[in-house]
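The opening position of the sequence shown corresponds to residue 12 in the working numbering, with each subsequent residue numbered one higher.
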Amino acid sequence: MKIGFALAALAFGAVTALSSSVVADEKLESKMGVKATLDAAKKSASIVAKGIDDKTYVNTEYPIKCSVTIASGGKLEKAELTKADAVFEASGKEGKAKSATFKVGADKAIEGKCKLVACTDSACSSPFEVTFKSQ
(Lines of atoms letter the chains of each structure in order from A and count residues from 1; the text may use other names and numbers.)
(Lines give C-alpha, C1' and ligand atoms only; values in the text may rest on other atoms or scores of the structure.)
Protein backbone atom coordinates (compact mmCIF):
# COMPACT_ATOMS: atom_id res chain seq x y z
CA MET A 1 0.00 0.00 0.00
CA LYS A 2 2.82 2.41 0.86
CA ILE A 3 4.42 1.74 -2.53
CA GLY A 4 1.15 2.68 -4.25
CA PHE A 5 1.02 6.03 -2.43
CA ALA A 6 4.69 6.67 -3.23
CA LEU A 7 4.12 5.98 -6.93
CA ALA A 8 1.02 8.17 -7.00
CA ALA A 9 2.92 11.02 -5.32
CA LEU A 10 5.82 10.63 -7.75
CA ALA A 11 3.46 10.68 -10.76
CA PHE A 12 1.66 13.76 -9.42
CA GLY A 13 5.00 15.53 -8.92
CA ALA A 14 6.09 14.73 -12.48
CA VAL A 15 2.82 16.06 -13.94
CA THR A 16 3.06 19.20 -11.80
CA ALA A 17 6.67 19.82 -12.90
CA LEU A 18 5.75 19.34 -16.56
CA SER A 19 2.82 21.73 -16.24
CA SER A 20 5.06 24.34 -14.60
CA SER A 21 7.61 24.21 -17.42
CA VAL A 22 4.87 24.61 -20.04
CA VAL A 23 3.48 27.64 -18.22
CA ALA A 24 7.00 29.10 -17.94
CA ASP A 25 7.51 28.67 -21.71
CA GLU A 26 4.23 30.45 -22.48
CA LYS A 27 5.15 33.35 -20.22
CA LEU A 28 8.56 33.77 -21.88
CA GLU A 29 7.04 33.69 -25.36
CA SER A 30 4.69 36.50 -24.44
CA LYS A 31 7.62 38.56 -23.10
CA MET A 32 9.53 38.59 -26.39
CA GLY A 33 8.85 41.01 -29.21
CA VAL A 34 10.18 41.52 -32.71
CA LYS A 35 9.94 44.96 -34.30
CA ALA A 36 10.76 45.80 -37.91
CA THR A 37 11.38 49.28 -39.28
CA LEU A 38 12.02 50.42 -42.84
CA ASP A 39 14.27 53.32 -43.80
CA ALA A 40 13.10 53.81 -47.39
CA ALA A 41 15.65 56.57 -48.06
CA LYS A 42 18.53 54.22 -47.19
CA LYS A 43 16.77 51.20 -48.71
CA SER A 44 17.37 49.31 -45.50
CA ALA A 45 15.24 47.52 -42.91
CA SER A 46 16.04 46.61 -39.32
CA ILE A 47 14.55 43.71 -37.40
CA VAL A 48 15.06 43.77 -33.62
CA ALA A 49 14.18 40.89 -31.30
CA LYS A 50 14.07 42.04 -27.69
CA GLY A 51 12.38 41.20 -24.42
CA ILE A 52 9.55 43.51 -23.39
CA ASP A 53 11.18 43.85 -19.96
CA ASP A 54 14.77 43.94 -18.71
CA LYS A 55 14.55 40.38 -17.35
CA THR A 56 13.92 38.66 -20.70
CA TYR A 57 16.80 37.88 -23.04
CA VAL A 58 17.46 36.46 -26.50
CA ASN A 59 19.29 33.13 -26.28
CA THR A 60 22.52 33.57 -28.28
CA GLU A 61 23.27 29.85 -28.38
CA TYR A 62 20.11 28.93 -30.30
CA PRO A 63 20.43 29.16 -34.13
CA ILE A 64 17.98 32.06 -34.46
CA LYS A 65 16.46 32.41 -37.93
CA CYS A 66 14.23 35.04 -39.54
CA SER A 67 12.30 34.58 -42.78
CA VAL A 68 11.57 37.86 -44.57
CA THR A 69 9.25 38.79 -47.45
CA ILE A 70 8.82 42.16 -49.13
CA ALA A 71 5.81 44.02 -50.48
CA SER A 72 4.92 43.43 -54.11
CA GLY A 73 7.42 44.96 -56.52
CA GLY A 74 10.04 45.50 -53.85
CA LYS A 75 13.67 44.43 -53.86
CA LEU A 76 14.89 42.37 -50.90
CA GLU A 77 18.59 41.72 -50.36
CA LYS A 78 18.15 38.46 -48.41
CA ALA A 79 15.05 36.41 -47.54
CA GLU A 80 16.59 34.23 -44.80
CA LEU A 81 18.54 35.79 -41.94
CA THR A 82 20.45 33.59 -39.50
CA LYS A 83 22.37 33.89 -36.25
CA ALA A 84 25.46 34.85 -38.31
CA ASP A 85 23.59 37.95 -39.55
CA ALA A 86 22.61 39.09 -36.05
CA VAL A 87 24.30 41.74 -33.94
CA PHE A 88 23.71 40.88 -30.29
CA GLU A 89 23.52 43.54 -27.57
CA ALA A 90 25.56 42.26 -24.63
CA SER A 91 23.78 41.56 -21.36
CA GLY A 92 26.77 40.50 -19.28
CA LYS A 93 25.21 37.04 -19.01
CA GLU A 94 26.66 34.06 -20.84
CA GLY A 95 24.48 32.83 -23.71
CA LYS A 96 21.99 35.70 -23.31
CA ALA A 97 21.69 39.05 -25.10
CA LYS A 98 19.48 42.06 -24.43
CA SER A 99 18.56 42.06 -28.12
CA ALA A 100 19.37 40.68 -31.56
CA THR A 101 19.37 43.10 -34.50
CA PHE A 102 19.29 42.15 -38.17
CA LYS A 103 19.78 44.57 -41.08
CA VAL A 104 18.65 43.76 -44.60
CA GLY A 105 18.49 45.75 -47.83
CA ALA A 106 14.84 46.51 -48.67
CA ASP A 107 13.09 49.27 -50.58
CA LYS A 108 9.52 48.49 -49.51
CA ALA A 109 7.72 47.25 -46.40
CA ILE A 110 8.81 43.87 -45.08
CA GLU A 111 7.18 41.22 -42.95
CA GLY A 112 8.04 37.77 -41.71
CA LYS A 113 8.77 35.66 -38.68
CA CYS A 114 11.71 34.86 -36.45
CA LYS A 115 12.27 31.56 -34.67
CA LEU A 116 14.16 32.03 -31.41
CA VAL A 117 14.48 31.10 -27.75
CA ALA A 118 13.78 33.53 -24.89
CA CYS A 119 15.48 33.28 -21.50
CA THR A 120 15.38 34.72 -18.01
CA ASP A 121 18.19 34.40 -15.46
CA SER A 122 16.94 30.96 -14.46
CA ALA A 123 15.07 29.40 -17.42
CA CYS A 124 14.73 29.33 -21.20
CA SER A 125 11.71 28.70 -23.41
CA SER A 126 11.35 26.11 -26.10
CA PRO A 127 11.95 27.50 -29.62
CA PHE A 128 9.00 29.59 -30.84
CA GLU A 129 8.12 31.96 -33.69
CA VAL A 130 7.29 35.66 -33.49
CA THR A 131 5.88 37.53 -36.48
CA PHE A 132 6.76 41.08 -37.50
CA LYS A 133 5.73 43.70 -40.05
CA SER A 134 7.44 46.99 -40.80
CA GLN A 135 5.56 50.27 -40.91
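Think of the CB as a built atom: it goes at the ideal place given N, C-alpha and C, for glycine as much as any other residue. Remember, predicted model here, so these are calculated numbers, not experimental data.
Could you pull out every residue in the same chain whose Cβ sits closer than 6 Å to the Cβ of residue i, ignoring the five residues on either side in sequence?
i, result
"Thr-142", "Lys-124"
"Glu-140", "Lys-124, Lys-126"
"Val-45", "Ala-60, Cys-125, Val-141, Phe-143"
"Leu-87", "Ile-81, Ala-117"
Could you spell out the range, first to last residue, of the beta strand (DSSP E) harbouring residue i?
i, result
"Glu-100", "98-104"
"Cys-135", "Unbroken run through Cys-135: none, as it is neither H nor E."
"Tyr-68", "68-70"
"Ser-110", "107-116"
"Asp-50", "43-50"
"Leu-127", "121-127"
Give me the residue from the options with the minimum Cα distance to residue i.
i, options, result
"Asp-50", "Val-98, Ser-133, Ala-120, Val-128", "Ala-120"
"Thr-93", "Lys-42, Ile-58, Ser-145, Thr-48", "Ile-58"
"Asn-70", "Thr-80, Val-115, Ser-110, Ser-145", "Ser-110"
Evaluate residue i with the Cβ neighbour count: other Cβ atoms within 10 Å of its Cβ, from every protein chain shown; 16 or more gives buried, anything less gives exposed.
i, result
"Thr-67", "buried"
"Asp-118", "buried"
"Lys-107", "buried"
Return the chain-ordered list of same chain residues with a C-beta closer than 8 Å to the C-beta of residue i, the five sequence neighbours on each side being excluded.
i, result
"Leu-39", "Thr-67, Ala-129, Cys-130, Thr-131, Ala-134, Cys-135, Ser-136"
"Ala-101", "Ala-108, Lys-109"
Looking only at its own chain, which residues have a Cβ that is under 7 Å from the Cβ of residue i, when we skip the five neighbours before and after it?
i, result
"Val-98", "Thr-112"
"Ser-41", "none"
How close, in whole Å, do the beta carbons of residue i and residue j come, if the pair is a contact with beta carbons under 8 Å?
i, j, result
"Gly-116", "Lys-54", "6 Å"
"Thr-80", "Ala-90", "7 Å"
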